[in-house]
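Undergrad: The opening position of the sequence shown corresponds to residue 226 in the numbering used here, with each subsequent residue numbered one higher. Ideal placement from N, C-alpha and C gives every residue a C-beta, glycine not left out.
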Amino acid sequence: TLTIYDSNDQDVLLRLETDEDSADKSPALEFYKNSAADISDYIMAIDVYGLDDGGAKSEYARIATYIEDETAATENGVMIFQVAEAGSLRSNFVIGSTLVTVNGGSRNVDFRHVNDAGSINFYSDAGTGTVAIGGAVSSDADLTVHHTNASSTDATLRLTSTDGGSNDAPRLELYRNSASPADNDNLGEIVFSGENDGGSKVYKLASIRVDIPDVSAGSEDGWLQFGAMDDGTFIQNMLTVRGDARQVVVN
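(1) Of all the options Gly280, Phe336, Gln307 and Gly321, which has the alpha carbon lying nearest to the alpha carbon of Glu300?
(2) I need the straight-line Cα distance from Val237 to Arg315, nearest angstrom please.
(3) Under 8 Å between the Cβ atoms of Trp448 and Val435?
(4) Drop a sphere of 10 angstroms on the beta-carbon of Ala357, count the other beta-carbons inside from all chains shown, and report buried for 16 or more, exposed for fewer.
(5) How close, in whole Å, do the beta carbons of Ser349 and Asp335 come, if the pair is a contact with beta carbons under 8 Å?
(6) Taking DSSP's pairing of strands, which residues face Tyr267 in a bridge?
(7) Indicate the three-state DSSP secondary structure (helix, strand or coil) for Pro406 in the structure shown.
(8) Let's see if you can read the secondary structure: which residues bound the beta strand (DSSP E) around Pro438?
(9) How far does the beta strand (DSSP E) with Phe451 in it extend, from its first residue to its last?
(10) Run the CB neighbour count on Gly312, radius 10 Å, all protein chains shown included, and call it buried at 16 or more, exposed below.
(11) Do Ala286 and Ala309 come within 8 Å of each other at the CB atom, strictly closer than that value?
(12) Check Ala357 in the structure and name its three-state DSSP category.
(13) Taking Ala407 as the reference, which of Ser344, Pro252, Gly413 and Pro438 has the closest Cα?
(14) Give me the DSSP bridge partner(s) of Gln472.
(15) Where do the ends of the beta strand (DSSP E) carrying Ala311 lie?
(16) Which two residues bound the contiguous beta strand (DSSP E) that contains Tyr230?
(17) With Asn346 as the anchor, note down where its beta strand (DSSP E) starts and where it stops.
(18) For the beta strand (DSSP E) containing Val327, name the first residue and the last one.
(19) Quick check on DSSP: helix, strand or coil for Lys258?
(20) Counting only the same chain and skipping the five closest in sequence on each side, list residues whose C-beta sits under 6 Å from that of Val475.
(21) Under a three-way DSSP split, which group does Gly275 fall into?
(22) How is the beta strand (DSSP E) around His338 delimited, first residue to last?
(23) Where does Thr385 fall in DSSP's three states?
(24) Helix, strand or coil for Asn317, going by three-state DSSP, please let me know.
(25) Give me the DSSP bridge partner(s) of Leu368.
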């Protein structure tokens, strides 16, 4: 054990310096656990301690590495970044050989990525399980995509295909994977909402919806409905395309 102590907070306690001018990695700090026993244990750790308000030594952060697979020529390693939360170290960031995990400790730790102007590019709220792109998360949506560009020609969402053949692409699929499908289930809906002149959100000014009136295997039917609001009241089936009757019904 080597202990280096310095009471002057203006000095560098440890410096690795080299005047090497080649392409070699230099200076280099190596952590080497030369032991065949307990090979799956931690092989490196940097622990950061400080005092709590009672004067007791407490651990506030750790960077650690352990061996995931020690098989010769196919070795895998894992690096863990931990910080203290409520008195215990939590694995907030884990770099594995095949997976990078944020909030591996399953705590209420959100993830935020900002652009060079400091605005949110991506936000994941661990507590609500919601995600947002381009702004804050919404309490009533699993995924919120904010359109921040005022240009009328810019897209909020673009699906691009480079397929040079005759296939239908790009393709957007809405799939209701129900464990108990039943006749007249609503399979999905595209809802158009907006603001009224009082500044309040008006939900479903218009919509496109699909129903499945018959779920019998081999003889399934589908209805495509177009609805719109009339004088404050939403009418779902203003126009219905009925697959079973091969007709268009206007209400």
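TA: With the given structure in hand:
(1) Of the listed residues, the one whose Cα sits closest to Glu300 is Gly321.
(2) When rounded, the distance between both Cα atoms is 29 Å.
(3) Yes, the pair counts as a contact, with Cβ atoms nearer than the cut-off.
(4) It is buried - the Cβ of Ala357 has at least 16 other Cβ atoms within 10 Å.
(5) About 6 Å separates the Cβ atoms of Ser349 and Asp335, confirming a contact at the 8 Å cut-off.
(6) Looking at the DSSP output, Tyr267 shares a beta bridge with Tyr291.
(7) In the three-state scheme derived from DSSP, where H, G and I count as helix and E and B as strand, Pro406 is classed as coil.
(8) Lys426 to Asp439 is the extent of the beta strand (DSSP E) around Pro438.
(9) Counted as a single uninterrupted DSSP element, the beta strand (DSSP E) harbouring Phe451 occupies residues Asp446 to Asp455.
(10) By the 10 Å Cβ count, Gly312 comes out exposed.
(11) In this structure, Ala286 lies closer than 8 Å to Ala309 by Cβ.
(12) Note: Ala357 maps to strand in three-state DSSP.
(13) The residue among Ser344, Pro252, Gly413 and Pro438 with its C-alpha nearest the C-alpha of Ala407 is Pro438.
(14) As a beta-bridge residue in DSSP terms, Gln472 pairs with Arg467.
(15) No beta strand (DSSP E) contains Ala311, which DSSP labels as neither H nor E.
(16) For Tyr230, no beta strand (DSSP E) encloses it, and the DSSP letter there is neither H nor E.
(17) Looking at the DSSP string, the run of the beta strand (DSSP E) that includes Asn346 is Ile345 to Asp350.
(18) It spans Val325 to Val327 - the beta strand (DSSP E) in which Val327 sits, taken as one unbroken run.
(19) When DSSP states are grouped into helix, strand and coil, Lys258 belongs to the coil group.
(20) The residues are Leu464.
(21) DSSP places Gly275 in strand when its eight states are reduced to three.
(22) Here the beta strand (DSSP E) through His338 covers Phe336 to Val339.
(23) The answer is coil: DSSP assigns Thr385 none of H, G, I, E or B.
(24) Taken through DSSP and simplified to helix, strand or coil, Asn317 comes out as strand.
(25) According to DSSP, Leu368 bridges with Val356.
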